[in-house]
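These notes concern the structure reproduced below.
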Ligand code: NAD
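Numbering (this note's numbering), first residue to last: 1239 to 1496.
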């Protein structure tokens, strides 16, 4: 690995498993100390212990203002500064058609996926200001923030909102030397899909979606982490405000033919 992040400090939320874990592993492999944040303390602790750089785990709920302040303070206590943020934690919510979607479920998904990203962005900007430094932030958006589906209304609403956070924060952050981008993954097999229904022909929702991408397959967490690392690195020094899809081409399909 090139060591693009040697000696830098990265916060990764939702890093106990899935895409966040792969991101933590990629950033550490390239030299970053990682603050592994997750609501699942055991998972975060295990990931941090396995990284090749000195790294720490912090249990935090990203939708909670005090918890976000706490993981930021823990990072500064241990490492003295933060250079990079990957704000990744998110939930699918239930697969429920519009008439049956409850207010409680709608609010729960938006609290984690939108308020959580807002709090993470605000804390990142506050830290970069306190350091009088620039910095980089990547949020995990989704192709669900660029498209629609019948039974994931709260989730796709939340991911459309995340795009708005990225656009606004990047315009504010640009003159301060802070770049803000999003990676919009397509279909990647993780625990996120545990609640996905089985549909046509006994295939899972994930299998059907993956098989209709131009690349005809799901992605891997490592392929998403590579995009995150690029966007956080100086290789992307002139890139800000972008929603970068890593989706096997799913979002450009108009008609699927064999
Ligand atoms: P995952 O369920 O495997 O991992 C999510 C992690 O976030 C878990 O470790 C979980 O404990 C943690 N988490 C959940 N709520 C939290 C909270 N309130 N505070 C702190 N941590 C919390 O899912 P994943 O697939 O790795 O998803 C990560 C991100 O990627 C999410 O934002 C998701 O919307 C997005 N995404 C995933 C896919 C995909 O195909 N897997 C596609 C598009 C977008």
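Each residue gets a CB set at the ideal place from its N, CA and C atoms; glycine is no exception. Just so we're clear, the structure is a prediction, and the values are computed from it rather than from any experiment.
Measure from the alpha carbon of residue i to the alpha carbon of each residue in the options, then state which is nearest.
i	options	result
residue 1247	1463, 1293 and 1287	1293
residue 1243	1353, 1284, 1360 and 1374	1374
residue 1395	1300, 1348, 1414 and 1406	1348
residue 1263	1462, 1482 and 1492	1462
residue 1376	1258, 1241 and 1254	1258
residue 1423	1482, 1369 and 1368	1482
residue 1388	1370, 1434 and 1410	1434
Please state whether DSSP places residue i in a helix, a strand or coil.
i	result
residue 1275	strand
residue 1239	Caution is warranted here: a pLDDT of 48 is assigned to residue 1239, below 50, making its placement in the model unreliable, and no coordinate value can be reported.
residue 1251	strand
residue 1388	coil
residue 1285	helix
residue 1320	coil
residue 1301	coil
residue 1483	strand
residue 1491	coil
residue 1270	coil
residue 1296	strand
Can you confirm whether residue i, when its beta carbon is compared against all beta carbons of chain C, has any partner nearer than 9 angstroms?
i	result
residue 1424	Judged by its chain identifiers, the structure shown contains no chain C, having just a single protein chain.
Minimum length 4: unbroken alpha helix (DSSP H) runs contained in the region 1323-1384: Along the region 1323-1384, the alpha helix (DSSP H) occurs as fully enclosed runs of 4 or more residues at 1341-1348 and 1354-1368, listed in sequence order.
contact_flag[the region 1414-1424, the region 1470-1488] where n(CB pairs < 8 angstroms) is 3 or more: The region 1414-1424 is in contact with the region 1470-1488.
Beta strand (DSSP E) runs contained entirely in the region 1399-1456, provided each spans 3 or more residues: Residue ranges of uninterrupted beta strand (DSSP E) with 3 or more members, entirely inside the region 1399-1456 and ordered along the chain, are 1416-1423.
contact_flag[the region 1401-1408, the region 1449-1456] where n(CB pairs < 8 angstroms) is 3 or more: The region 1401-1408, when compared against the region 1449-1456, does not touch it at the 8 angstroms Cβ threshold.
Three CB pairs or more closer than 8 angstroms across the region 1433-1447 and the region 1471-1485: No: fewer than three Cβ pairs fall under 8 angstroms.
Sufficient close CB pairs (3 or more, under 8 angstroms) joining the region 1275-1293 to the region 1332-1342: No: fewer than three Cβ pairs fall under 8 angstroms.
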